[in-house]
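Participant:
Residue numbers (the working numbering): 313 to 428.
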């Protein structure tokens, strides 16, 4: 019995780790403040956005824990990842072109500011 539980636990650990890597890789974190500044946000706006995001995360922890108790943890993780996937594509489709335009502007600025 103990070996069976241990095997299931090890099986789930790598699945959750893979999910975290896929959904939380975080490459954008290196430049998102610059991106928000390019859009016209101030540091105060960005800080407020981060604060609200943190408050929402804290406020949704308890309801998702209750949901996991009723539905099951595996289904709750699946539902959460499905929402993340859908909203990532929804927001990505709208901002991807603008983000590429920002990168083009930064490349132009770098070329004209530092190479001359």
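Even for Gly, the Cβ is constructed at its ideal location relative to N, Cα and C.
Only a predicted model underlies this, so the values are computations on that prediction, with no experimental measurement involved.
(1) Below 8 Å CB to CB, which residues in the same chain sit around residue 361 once its five sequence neighbours on both sides are set aside?
(2) Please confirm whether residue 369 and residue 358 have their CB atoms less than 9 Å apart.
(3) In whole angstroms, what separates the C-alpha of residue 387 from that of residue 376?
(4) Rounded to the nearest angstrom, what separates residue 280 and residue 350 at their Cα positions?
(5) In the DSSP assignment, the alpha helix (DSSP H) including residue 384 goes from what residue to what residue?
(6) Is residue 391 near residue 379, with beta carbons less than 9 Å apart?
(7) What residue range is occupied by the uninterrupted alpha helix (DSSP H) comprising residue 346?
(8) To the nearest angstrom, how far is the alpha carbon of residue 381 from that of residue 329?
Facilitator: With the given structure in hand:
(1) Counted from its first residue, the chain shown places residue 361 at position 49. Counting only Cβ-Cβ distances below 8 Å, and skipping sequence neighbours, we find 348 and 353.
(2) Mapped onto the chain shown, residue 369 falls at position 57. Mapped onto the chain shown, residue 358 falls at position 46. No, Cβ-Cβ distance for residue 369 and residue 358 is not below 9 Å.
(3) What you label residue 387 is simply residue 75 of the chain shown in a count that begins at 1. What you label residue 376 is simply residue 64 of the chain shown in a count that begins at 1. So the two alpha carbons sit approximately 11 Å from each other.
(4) Because the chain in this structure spans residues 313 to 428, residue 280 falls outside the shown range and cannot be described.
(5) Taking the chain shown and counting its residues from 1, the one referred to as residue 384 is at position 72. From DSSP, residue 384 is part of no alpha helix (DSSP H); its letter is neither H nor E.
(6) Counted from its first residue, the chain shown places residue 391 at position 79. Counted from its first residue, the chain shown places residue 379 at position 67. Their beta carbons are under 9 Å apart, which means residue 391 touches residue 379 by this criterion.
(7) One-based indexing of the chain shown puts residue 346 at position 34. First-last of the alpha helix (DSSP H) with residue 346: 344–350.
(8) The residue labelled residue 381 in the question sits at position 69 within the chain shown. The residue labelled residue 329 in the question sits at position 17 within the chain shown. So the two alpha carbons sit approximately 21 Å from each other.
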